[in-house]
Amino acid sequence: EVYFKNLSKQKQKEVMEKNGNNHKLRVCVATCNRADYSKLAPIMFGIKAEPQFFELDVVVLGSHLIDDYGNTYRMIEQDDFDIHTRLHTIVRGEDEAAMVESVGLALVKLPDVLNRLKPDIMIVHGDRFDALALATSAALMNIRILHIEGGEVSGTIDDSIRHAITKLAHYHVCCTRSAEQHLIAMCEDHDRILLAGCPSYDKLLSAKNKDYMSIIRMWLGEDVKTRDYIVALQHPVTTDIKHSIKMFELTLDALISFNKRTLVLFPNVDAGSKEMVRVMRKKGIEHHPNFRAVKHVPFDQFIQLVAHAGCMIGNSSCGVREVGAFGTPVINLGTRQTGRETGENVLHVRDADTQDKILHALRLQFGKQYPCSKIYGDGNAVPRILKFLKSIDLKEPLQKKFCFPPVKDNISQDIDHILETQSALAVDLGGTNLRVAIVSMKGEIVKKYTQLNPKTYEDRLELILKMCIEAASEAVNVNCRILGVGISTGGRVNPREGIVLHSTKLIQEWSSVDLRTPISDALHLPVWVDNDGNCAALAERKFGHGKGIENFVTLITGTGIGGGIIHQHELIHGSSFCAAELGHIVVSLDGPECLCGSQGCIEAYASGIALQREAKKLHDEDLLLVEGMSMKKEEVVSAAHLIQAAKLGNAKADSILKTAGTALGLGVVNILHTMNPSLVILSGVLASHYVSAVKDVINQQALSSVKTVDVVVSNLADPALLGAASLVLDYTTRRIY
Numbered sequence: 001e002v003y004f005k006n007l008s009k010q011k012q013k014e015v016m017e018k019n020g021n022n023h024k025l026r027v028c029v030a031t032c033n034r035a036d037y038s039k040l041a042p043i044m045f046g047i048k049a050e051p052q053f054f055e056l057d058v059v060v061l062g063s064h065l066i067d068d069y070g071n072t073y074r075m076i077e078q079d080d081f082d083i084h085t086r087l088h089t090i091v092r093g094e095d096e097a098a099m100v101e102s103v104g105l106a107l108v109k110l111p112d113v114l115n116r117l118k119p120d121i122m123i124v125h126g127d128r129f130d131a132l133a134l135a136t137s138a139a140l141m142n143i144r145i146l147h148i149e150g151g152e153v154s155g156t157i158d159d160s161i162r163h164a165i166t167k168l169a170h171y172h173v174c175c176t177r178s179a180e181q182h183l184i185a186m187c188e189d190h191d192r193i194l195l196a197g198c199p200s201y202d203k204l205l206s207a208k209n210k211d212y213m214s215i216i217r218m219w220l221g222e223d224v225k226t227r228d229y230i231v232a233l234q235h236p237v238t239t240d241i242k243h244s245i246k247m248f249e250l251t252l253d254a255l256i257s258f259n260k261r262t263l264v265l266f267p268n269v270d271a272g273s274k275e276m277v278r279v280m281r282k283k284g285i286e287h288h289p290n291f292r293a294v295k296h297v298p299f300d301q302f303i304q305l306v307a308h309a310g311c312m313i314g315n316s317s318c319g320v321r322e323v324g325a326f327g328t329p330v331i332n333l334g335t336r337q338t339g340r341e342t343g344e345n346v347l348h349v350r351d352a353d354t355q356d357k358i359l360h361a362l363r364l365q366f367g368k369q370y371p372c373s374k375i376y377g378d379g380n381a382v383p384r385i386l387k388f389l390k391s392i393d394l395k396e397p398l399q400k401k402f403c404f405p406p407v408k409d410n411i412s413q414d415i416d417h418i419l420e421t422q423s424a425l426a427v428d429l430g431g432t433n434l435r436v437a438i439v440s441m442k443g444e445i446v447k448k449y450t451q452l453n454p455k456t457y458e459d460r461l462e463l464i465l466k467m468c469i470e471a472a473s474e475a476v477n478v479n480c481r482i483l484g485v486g487i488s489t490g491g492r493v494n495p496r497e498g499i500v501l502h503s504t505k506l507i508q509e510w511s512s513v514d515l516r517t518p519i520s521d522a523l524h525l526p527v528w529v530d531n532d533g534n535c536a537a538l539a540e541r542k543f544g545h546g547k548g549i550e551n552f553v554t555l556i557t558g559t560g561i562g563g564g565i566i567h568q569h570e571l572i573h574g575s576s577f578c579a580a581e582l583g584h585i586v587v588s589l590d591g592p593e594c595l596c597g598s599q600g601c602i603e604a605y606a607s608g609i610a611l612q613r614e615a616k617k618l619h620d621e622d623l624l625l626v627e628g629m630s631m632k633k634e635e636v637v638s639a640a641h642l643i644q645a646a647k648l649g650n651a652k653a654d655s656i657l658k659t660a661g662t663a664l665g666l667g668v669v670n671i672l673h674t675m676n677p678s679l680v681i682l683s684g685v686l687a688s689h690y691v692s693a694v695k696d697v698i699n700q701q702a703l704s705s706v707k708t709v710d711v712v713v714s715n716l717a718d719p720a721l722l723g724a725a726s727l728v729l730d731y732t733t734r735r736i737y
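Numbering (full-length UniProt numbering), first residue to last: 1 to 737.
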C-alpha cells in the first residue's frame, strides 16, 4: 500500500511538472437538477478543499432554475459555492418536443460560457438530456470531459443518452464493476476508466448518526414514527408516457388504499411530468390528510427520510441505488430501472398494470429491514476521483482513442460467401416417412430427401445421420450455408435438452432418445428438436397465416393429430413439455380406442390411421367400393380410398368422414373455450376435408364470444419441415424462440 501511495505521489508530481508547476487544473462542474447535484456536490466540496491543485467554476442550468421544481439552485448557494453562470435552458411544455428544444437552447447558450471560462476539464454526470447538451458542447469545443456514472444500464431512453455521453467523454468514473466492464466492452480506454463508487455514498454511509426525528416530523408531521411512513418518487418514462401516467395513477390509488402517511415528491422535468402533476391534483394528493406533496427536499434531509422509511416506492434511480445503503425496502415500478444492479431490498413490479399488484407489493415490503448494500460504493469515491483528476496530463493529445478488439479478416469479401444463402437442415420424423430438406431463410425448400421411417431406433438414427450428411454435402453444391439442424418429431420432446421423452405407437422405439448429441457430433452444427405440432405452429408464425398474429392454434391432421399453440407470440411448451397434445383431447367417453391407450380422443376419430381403420372395416364388408372405384389385389386400403368413396356417393364413407369432422370440431371448440385464440389453422393432408365440418360445429357448439374465430387451411406445403427450419433460422438470426 505504501509503495502504491508513493508511486501515485510520484506520478502526480510528474504530471504537475508536465502541466507547469504553477498551473492549477481548471474544473467546470455543470449541474442540471437536484438529482445530479447530490452526486456532484461531494466532488465539488473535495475540489474546493484543495485550492492548491484546482480552480472550480460552477455552471447551473436546467430545472435548477424553475420555480415549479423548487428553485434548487438555492441549495448550491447554501452550500457556499459561487455560481459562475446561470443558464435558463428549459423550454416549458414537458413533452418530447420541449425536451428536444431544451437541448437545442442549451447548445446555443453554452459556447459563450465555455469560451469565457476556458476550463481544462468539464465534469458531466449521468444520463439527462441536459447532460448530453453539455457533453456535446464541450467535445466540439475541444474541452476534456469527465463523465460520472457511465456504463450503467437502466432500460429506457436514458441508456442511449448515457452511452452517447460515454462516447463523447475522455475520462470515466464508474460506480460498479459491471459498469466498468460495460465501458471496456464499449471500446473505452481502460487507463481512462476509474472504478470509484458513487460519490453520494460518501455522504450516505455517515448519514444515519444525525438527528433524524426532527427532519421526519418537519416533512411528515409530529405524530409520525420511524418505519411507519412511505416515500414516493415517480418520474415519467419518456418512451411510453401514456403508460407511465396510468401507472402513476394506479400507484396513488394503491397508496390511498394502503392508508399510511406518505411523502410524495414531484416528478422531474421530463416529458409527461405535467400530466403526472395533474393526476396528483385530480386525486387531491396535496390536500389529503395522509399525504405531503413537495417539490424538493434537500439531499441531506432526503437521506434521513429514506433511511428511516417503512418503504420507498416509485421508479427513481435513487430507490435502486442510494436507498440500498440503509436496507430500506424499495418497490421499483415499471421498466425505468430494469437494467440496474440492485440489492435484495428491491422488489420489482415491472408490469404494474393493476392497483392490486402495487397494493400486494406494499403489503410484502412495508416495514421490513434488509441488510445494507454497498453495490454502488464504499464511501471513498471522492478521494479516488480527486487523485484521478490530479493524474490527468493536459499535454497528452486531446483526441480520444478507442480500444477496439482485434478483428479477423472479413471473409465476406469473398464473392462465394456473399452469394451463399443462409439455410437450415430440416428433419421431419413422421409416423410414415422420414424427410430431410435444405430450407432457405425465405422458407424455400431448396432440396428434399424422403425415405420410409425405419421401425427400430438404431436403423432410424443411422438413416437420419446418413440423410443429413448427404444433405449437408449437397448444400455446398447449391450454394447454401447451413446454420444448424432443426428436427420435428412425433412424441413428447424436451426442447431444452434435445431429447424425445416418449412417443405414441406411431413411432416405435422412440422414448428417452437424445437426438441432439449424435447429430451435433457428426455434423459439427447446433441442433434443435421439438414436437411436430409445435414445429407446424412455428412454421405458421414465420411463413404462414400466423405471421404477425399474437394468439393462434395450429392443428395437424395427418397420420396422427397434433398441434401447437402460440400465445402472445410465444410457443407454449407447458411445465412437462406436454402442452398442445391436441390430438388427445377426449371428445367421447365411449369412443374408439386411441393409440395413446385412452378412448374417444380426436386422434381416434379424425387421424389418417383412424380413417384407414374405418375404411378397412367397410372393405372387409364389401361396403367401400362404389361405381367409379377400383383397387388392385395387392393394394393396401387407406384413408384416401374412404375419402374417394365419400366423394363418389358412398353414404357410409361420408358418414364416417362427418363423424371425424365433428370430433375434430368439438376438440377445436374446447380449445377456443380454453385458449381463446383469434385464429385456428388446419394443416396436413386431411385439413381441406375437415374445415367445413369444423366451422359448422363451432357455429353450433361454441359460446357466442368465440364464434368469430377465423378457421383457415394452411397454405404451407411442408409445415413440419418449415417449422423445423424456423427453430434454426429464428435462433441463429437472433429472433426470439
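A virtual CB, placed ideally from N, CA and C, is assigned to each residue, including glycine. All values reported here derive from a predicted model rather than from experimental measurement.
Sorted by chain position, which residues of the same chain lie with C-beta nearer than 6 Å to R128's C-beta, five sequence neighbours on each side aside?
Once the five neighbours on either side are set aside, the close Cβ partners of R128 are C32.
Which value, in whole angstroms, describes the spacing of the CA atoms of E1 and T335?
Since pLDDT at E1 reaches only 46, below the 50 mark, its modelled position is unreliable, and the value read off the structure follows with that caveat. Looking at the two C-alpha atoms, the distance is approximately 43 Å.
C-alpha gap between N650 and D622, whole angstroms:
The alpha-carbon atoms of N650 and D622 are separated by roughly 12 Å.
Would V697 and T659 qualify as a contact pair, given that the criterion is a beta-carbon distance under 7 Å?
No, these two residues do not count as a Cβ contact at 7 Å.
Inter-residue Cα distance where the pair is H417 and I602:
For H417, the pLDDT reaches just 49, beneath the cut-off of 50, and the residue's location in the model is therefore unreliable, leaving the point undetermined.
Please classify P397 as buried or exposed, where buried requires at least 16 other C-beta atoms within 10 Å of its C-beta.
The Cβ neighbour count for P397, taken over all protein chains shown within 10 Å, is under 16; the residue is labelled exposed.
Assign V266 to one of three DSSP states: helix, strand, or coil.
Strictly speaking, residue 266 in this sequence is Phe, with Val absent from that position. F266: coil per DSSP, three-state reduction.
Under 7 Å between C-beta atoms of A135 and I121:
Contact flag unset, no.
From the DSSP output, in three-state form, read off M122 for me.
DSSP places M122 in strand when its eight states are reduced to three.
Count the other CB atoms, across all protein chains shown, that sit within 10 Å of the CB of H573; report buried if there are 16 or more and exposed otherwise.
The residue in question, H573, is buried, as its Cβ has 16 or more Cβ neighbours within 10 Å.
Checking 7 Å against the spacing of the C-beta atoms, do A645 and V669 come in under that value?
Note that the C-beta distance between A645 and V669 is not below 7 Å.
State yes or no: is the beta carbon of G490 nearer than 7 Å to at least one beta carbon in chain D?
The displayed structure is made up of one protein chain only, and chain D is not part of it.
C372 to G379 span [Cα, whole Å]:
Roughly 13 Å between the two C-alpha positions.
Mind checking which residues open and close the beta strand (DSSP E) that includes S488?
Here the beta strand (DSSP E) through S488 covers C480 to T489.
Quick one: what does DSSP say G62 is sitting in, helix, strand or coil?
G62: helix per DSSP, three-state reduction.
Using only CA atoms, which one of T504, H545, L263 and V709 lies nearest to I609?
For I609, the closest of T504, H545, L263 and V709 by C-alpha to C-alpha distance is T504.
Look up A646 in the DSSP assignment and say whether it is helix, strand or coil.
Secondary structure of A646 (DSSP, three-state): helix.
With burial defined as no fewer than 16 other Cβ atoms inside 10 Å of the residue's Cβ, what is the status of C578: buried or exposed?
If you draw a 10 Å sphere on the C-beta of C578, you find fewer than 16 other C-beta atoms in it, and that means exposed.
Cutting at 6 Å between CB atoms, please list the residues of its own chain near C535, excluding the five before and the five after it.
Spatial neighbours of C535 in its own chain (CB-CB distance under 6 Å, excluding positions within 5 residues in sequence) are listed in chain order as S488, A720, G723 and A724.
In DSSP terms, what S423 is bridged to
In the DSSP output, where bridge partners are listed per residue, S423 has S440 and I482.
For D414, which residues in the same chain have their Cβ closer than 6 Å to its Cβ, ignoring the five residues on either side in sequence?
Residue placement at D414 is flagged as unreliable, the pLDDT there being 49, under the threshold of 50; a coordinate-derived value is accordingly withheld.
Looking at A580: is its Cβ nearer than 7 Å to the Cβ of G533?
In this structure, G533 lies closer than 7 Å to A580 by Cβ.
I'd like to check one pair, A606 with residue 753: are the Cβ atoms closer than 7 Å?
The structure shown does not extend to residue 753, since the chain is modelled only from 1 through 737, so no value can be given for it.
Should I411 go down as buried or exposed, given a rule of 16 or more other Cβ atoms within 10 Å for buried?
Note that I411 scores 44 on pLDDT, short of 50, meaning its location in the model is unreliable; the coordinates nonetheless yield the value given after this. Label assigned to I411: exposed.
Let me know the beta strand (DSSP E) ranges lying completely inside the stretch 88–145, each 3 residues or longer, listed in chain order.
For the stretch 88–145, whole beta strand (DSSP E) runs of length 3 or above, ordered along the chain, are 121–125.
Starting from Y229 and walking both ways along the beta strand (DSSP E), at which residues does that stretch end?
Residues Y229 to L233.
Of the residues E444, L362 and K547, the one placed nearest N232, counting alpha carbons only
It is worth fixing the name first, because residue 232 is Ala in this sequence and not Asn. Nearest C-alpha to A232: L362.
So what's D428 in DSSP terms, helix, strand or just coil?
Here D428 sits in strand by DSSP.
Can you check DSSP and say which residues form a bridge with K448?
According to DSSP, K448 shares a beta bridge with A437.
Taking 8 Å as the threshold, find out whether the stretch 235–246 comes into contact with the stretch 69–86 through three or more Cβ pairs.
Contact between the stretch 235–246 and the stretch 69–86 is absent: fewer than 3 CB-CB pairs across the two stretches fall below 8 Å.
In angstroms, rounded to a whole number, what distance separates the CA positions of F248 and D353?
Taking the Cα positions, F248 is about 10 Å away from D353.
In this structure, what does DSSP give as the bridge partners for A536?
Partner(s): none; A536 has no beta bridge.
Less than 7 Å between the C-beta atoms of H88 and V124, yes or no?
For H88 and V124, no; Cβs fall outside 7 Å.
Could you check if I225 is buried or exposed, using at least 16 other CB atoms within 10 Å of its CB as the buried criterion?
In the sequence on display, residue 225 carries Lys and not Ile. Exposed.
Taking three-plus beta-carbon pairs below 8 Å as touching, is the stretch 380–391 in contact with the stretch 184–203?
Flag = yes, the stretch 380–391 and the stretch 184–203 touch.
Where does I375 fall in DSSP's three states?
The three-state reading of DSSP puts I375 in coil, since its state is none of H, G, I, E or B.
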